[in-house]
Amino acid sequence: MRGFRERLAGEIIVFDGGMGTYLYEKGTFINSCFEELNLSNPSLVAGIHAEYRDAGADVIETNTFGANRFKLAAFGLEDRVESINCEGARLAREAAGDGILVAGSVGPLDLPLEPLGRLSFEDARGAFAEQIRGLVKGGVDLIIVETFAHVPEIVQALRAARAVAGDLPVIAQVSVGEDGRLLGGASLESFVEAIAGESPDVVGFNCSVGPKSMLEAVERLRSLSRLPLSAQPNAGLPATVGGRKIYMSSPEYLAEYAKRFIHSGAAIVGGCCGTRPEHIRAIRRAVRALNPVKRYDELRIGSGADAPSSVQPVALAAKSALGAKLARGDFVRIVELVSPKGQSAEAQIGKGRILKALGIDAINIPDGPRASARMSALALAAIMQREVGVETVLHYACRDRNVIGMQADLLGAAALGIRNVLAITGDPPKLGAYPDASAVFDIDSIGLVHLLARLNRGLDLAGNPIGLPTAMCVGVGVNPGAMDLDEELRRLELKIAGGAEFMITQPVFDLRVFETFKRRIEDLRIPLICGIWPLVSLRNAEFMNNEVPGAHVADEIMERMRNAPTGEEGFEVGIAVARETLAALEGEVDGVQLAAPLGRVEGIGRILGD
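For the sequence shown, position 498 matches number 480 in my numbering, and the numbering has no gaps at all.
Printed below as a string of structure tokens:
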């Protein structure tokens, strides 16, 4: 099971919803000790955990929010702190099953600390430590200290967590009012400053307010802290109906705000008071559209029967001219050409003719890069092959189609004579001009490789014969500068096992980073094509460094771009750096993919030396 920190680095994590309010809805008396139900009615608690698990939560929280000695003393249970917390953790762990993490919930003591009250910092820290020991003993994966209103108290909780839980991840969440301040009156600035030395893994908010006010707080917190953020609002502010507190926000309303939390920088979304499994299910759907993480083997799409023995897949050398060159070990040169934003492809056709004259091997056509709306990459690929007579590499993204549409598109591409496909997951809509657009992501790039491999074996996804097998040369992307290179290489290995026949890297701006990557893939025996993107200005270089994950521009290149004050000088430096990169890579890789700087394809000839 992937750990919390590993997931936090690469995906949006969905937490569960309310526990106390849901127990109340299920008939627990308001004056009961909800945490004691871990011992007296474990099936009720476990059932709620299971509901949240089935709704799609990645993390479920233990029913231990108030299980500290001071709160338990009101019920004569102060001597059962460890057993209640340990059993709460055990129940959650059993309900979670494989792949779901368990967070040990730790709430405030609700007693004033010194100097305003009699409770010393040491005693407060001791009470938190006692509770956390029980949670750790019960097997939690992380600790979440939540719903705190006072800065000194959450500091003591964090210190106890670090002292007792060792290296377990810790989340620090406070409650704020509609004014954006902690309920105890402190500012967000003072909160962030106070916990800086306690090293929480995540900082954020839960409870107290509905999603609208919490969104404003998240946006403010993003400017104050570079830690991952979390947002778990109530289902709106409660209304009193027939003597009961009813939370009025619908699942759809909360899910819409979950998208906004994510757009504002939240890495964790979930719910608090008044939220139920249906709210988490709606949030899960929203996150899936923004955060493509589904694996091919999680999608039930047929029996997985082997291809009929009479169907022989086409060999790489016979699939396409590009495939033949890769099979022979020739050094290939590919150029990326982006589709137009309108319906006319005349400009791209003209550029294609220039590139053909330069002797490039194929034109690579991205599919909606950075979630932009452009002419269909499939349409431009077919036009380019027909009008220019140059082979294309079709990017194909998983974002916009379900598996039925994907299969139809790819069969159509094969019928149109497109023989090279680069399987990519696709940028989520939040990166483009349509952040509220829906996304499908039935499968990711790993699944798409499997789909292509099946079509190449004469089968559809359900295992049904399609007649003649397709003959598509299957490529995949890889990022040499990925923050988590181990995970990037794990996914690459899955793509190769699924049928990938060549790989193209993200743009390389630091040969030292690339060399580290290349050493790690020495045993992966498919052709490696390196991406080269000529920089055009200092601003372009800074964008790559700051906004494109893994695209680290070497310091010496940054300095050269700083010394190019005009646009044309920046262009010239970019061309020179690209030529130097190409020269360094020849003999080290199987080919290069070049981008035309500012769409100026004449720069490609200068990079290639033609």
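All C-beta atoms, glycine included, are put in the ideal place defined by N, C-alpha and C.
Residue burial classification, residue i (beta-carbon count within 10 angstroms, cutoff 16)
i      : result
Y34    : buried
R(-16) : exposed
N50    : buried
P547   : exposed
F11    : exposed
N13    : exposed
R472   : exposed
D98    : The sequence as given places Leu at residue 98; Asp does not occur at that position. It counts as exposed.
R501   : exposed
A577   : buried
T498   : exposed
D349   : buried
Q325   : exposed
Y278   : With a pLDDT of only 37 at Y278, under the threshold of 50, the placement of this residue in the model should not be trusted; the figure read from the coordinates follows. Classification for Y278: buried.
Q294   : exposed
G591   : exposed
A237   : buried
Y416   : exposed
Sheet register partners of residue i (DSSP bridge)
i    : result
I345 : V317 and T374
N188 : Q214
R511 : Per the sequence shown, the amino acid found at residue 511 is Ile instead of Arg. Partner(s): I486 and G573.
E175 : In the DSSP output, where bridge partners are listed per residue, E175 has none listed.
L83  : V41
G459 : I486
E568 : V571
V158 : L164
A361 : DSSP output for A361 lists no bridge partner at all.
Alpha carbon of residue i to alpha carbon of residue j, nearest angstrom
i     : j      : result
F313  : E483   : 15 Å
V456  : S354   : 24 Å
A339  : G252   : 55 Å
G581  : I126   : 49 Å
G120  : S87    : 12 Å
D391  : M485   : 22 Å
I400  : G394   : 9 Å
E318  : Q575   : 7 Å
L304  : A39    : 44 Å
A264  : E60    : 38 Å
P451  : A444   : 15 Å
V555  : I136   : 52 Å
A565  : N461   : 21 Å
T374  : V385   : 23 Å
I42   : V490   : 40 Å
I(-5) : R(-11) : 7 Å
C512  : P151   : 37 Å
R100  : P94    : 7 Å
C255  : C189   : 6 Å
C68   : F(-14) : 20 Å
L437  : I448   : 8 Å
K53   : T407   : 49 Å
H132  : F496   : 48 Å
I331  : G480   : 34 Å
R258  : I586   : 57 Å
E369  : L430   : 29 Å
M366  : A217   : 52 Å
A213  : K307   : 51 Å
R267  : K323   : 30 Å
For residue i, the three-state DSSP class (helix, strand or coil)
i     : result
A536  : coil
Q575  : strand
I(-6) : coil
C254  : coil
V63   : helix
V583  : coil
L91   : coil
L165  : coil
A78   : helix
A453  : coil
L590  : helix
A248  : strand
Q325  : coil
F499  : helix
R208  : coil
Any non-hydrogen atom of the ligand SAH within 7 Å of residue i CB
i   : result
V84 : Among the components of this structure there are no ligands whatsoever, and the ligand SAH is therefore not found.
Which ranges does the alpha helix (DSSP H) cover as unbroken runs of at least 4 residues, wholly within the region -6 to 53, from first to last along the chain? Listed in chain order, the complete alpha helix (DSSP H) runs (minimum 4 residues) inside the region -6 to 53 are 2 to 7, 19 to 22 and 24 to 37.
Every unbroken alpha helix (DSSP H) within the region 101 to 155, with a cutoff of 4 residues, ordered by chain: 103 to 120 and 133 to 147
Taking only runs of the beta strand (DSSP E) that begin and end inside the region 375 to 449, which ones reach a length of at least 3 residues, in chain order? Every beta strand (DSSP E) stretch that sits fully inside the region 375 to 449 and reaches 3 residues is listed by chain position as 402 to 406.
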